[in-house]
Amino acid sequence: MTASTPAKTGTLYGIGVGPGDPDLLTLKATKVLGTVDVIFAASSTKNDYSTALQIVAPHLREDVETVMLGFPMTRDKAALSAAWEANAETVARVLDSGRSGAFLTLGDPLIYSTFGYLMRTLQAGRPDTAIEIVPGITSYQASAARTCTILCESDENLLLMSGVRDTDSLRSMLTQADNSIILKTYRNFEAIRQVLDEAGKNGETVFVSRLGMEGEQIVRRIAEAPEKPHYFSHLLIPKAKRN
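Residues in the sequence shown are numbered from 1 upward in steps of one, following the UniProt record's numbering.
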């Protein structure tokens with residue numbers, strides 16, 4: 001009598017789908033999307049809509065299975081933890097069946113992405129989980145290309161930060177950077193605009209919203225940016241003068 005061979009578990013791919021334009025997916029991303037068994041897409045617990053899923057739609061097989069993973073829009077750590085555990089278990093069941101899956105994430109999977117939380121949760125309970133990450137073009141890379149904005153050169157530094165920080169922290173960090181990028185500007189935009197004005201950086205700052213999507217907006221004078229930006233908005237803050 002021979003021992004049965006353990007079933008091989010599937011691989012989870014973290015796929016960066018870029019900022020919004022389906023043409024900005026990498027060749028590797030499209031190849032993986034064409035071979036996986038299941039597509040995992042994050043959505044709010046209030047609906048089943050996924051921007052990332054809409055972006056990759058032109059590149060998906062018609063017969064591929066899609067699984068929506070709901071995440072609550074809250075800061076309640078207990079509620080968030082419960083959601084991560086439940087979603088990780090959903091993914092694990094697919095992988096345990098021997099099927100492969102791709103988790104879609106806007107931009108890059110390792111930059112302000114829901115994928116990082118899912119990966120850590122899976123690895124905590126299942127350290128042998130096979131995970132591969134396909135990097136994606138970020139919103140700020142795409143917007144810099146679109147507006148011909150140099151992000152950094154020579155000996156300059158580049159600061160990437162979240163707008164969901166307190167005003168004092170933003171002010172302190174901006175003074176230390178040659179060039180800066182602020183993501184997640186939707187929550188504290190007026191405070192951010194005031195800090196930039198105090199730092200004398202409002203003249204060079206580029207406001208970008210919904211890049212590559214319907215309703216795209218690019219404003220080169222931050223004073224003319226909307227008071228309440230869309231969720232998909234960020235700022236490019238290049239060095240004022242270069243030799």
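Here a beta-carbon is modelled for each residue, glycine too, at the ideal position from N, C-alpha and C. Predicted model, so just to flag it, every value in this text is computed and none were measured.
Quick one: residues in its chain with C-beta nearer than 6 Å to the C-beta of residue i, no 5 flanking neighbours on either side, listed in chain order?
i, result
"L69", "F40, A42, N87"
"residue 247", "Examination of residue 247 is not possible in this model, given that the chain is present from 1 through 243 alone."
"T5", "Only weak support is given to the placement of T5: the predicted model assigns it a pLDDT of 43, under 50, and the question is left unresolved by the model."
"C152", "L158, N179"
"L24", "G18, I137"
Please list, in chain order, all residues of the same chain as residue i whose beta carbon is under 8 Å from its beta carbon, the five residues on each side excluded.
i, result
"S143", "P19, T149, V206, V208, L211, I218, H234, L236"
"A83", "T45, G70, F71, P72"
"D37", "G10, V64, E65, V94, R99, S100, G101"
"G125", "A88, A92"
"R75", "none"
Less than 7 Å separating the Cβ of residue i from some heavy atom of the ligand MG?
i, result
"F71", "The ligand MG is not part of the structure shown, which contains no ligands of any sort."
Could you check if residue i is buried or exposed, using at least 16 other CB atoms within 10 Å of its CB as the buried criterion?
i, result
"K201", "buried"
"N179", "buried"
"residue 262", "In the structure displayed, the chain extends from 1 to 243; residue 262 sits before or after that span and is not available."
"A225", "buried"
"G203", "exposed"
"S113", "buried"
"A52", "buried"
Residues in the same chain with beta-carbon distance under 7 Å from residue i, minus the five sequence neighbours each way, listed in chain order, please.
i, result
"K239", "E156, D178, N179"
"Y117", "W84"
So if DSSP puts residue i in a beta bridge, which residue, or which two residues, is it bridged to?
i, result
"H234", "V208"
Original post:
Taking contact to mean at least 3 C-beta pairs separated by less than 8 Å, is the stretch 177 to 192 in contact with the stretch 218 to 234?
Top reply: yes
Original post:
Is the stretch 100 to 115 close to the stretch 128 to 147, with three or more CB pairs under 8 Å?
Top reply: The stretch 100 to 115 vs the stretch 128 to 147: in contact.
Original post:
Per the contact definition of three or more C-beta pairs closer than 8 Å, is the stretch 193 to 206 in contact with the stretch 168 to 178?
Top reply: yes
**OP:** Scan the stretch 111 to 164 and note each continuous beta strand (DSSP E) run of 3 residues or more that stays entirely inside, going in chain order.
**Re:** 130 to 134, 158 to 162
**OP:** Return the chain-ordered ranges of every alpha helix (DSSP H) run that is complete within the stretch 9 to 90 and spans a minimum of 4 residues.
**Re:** 27 to 33, 51 to 56
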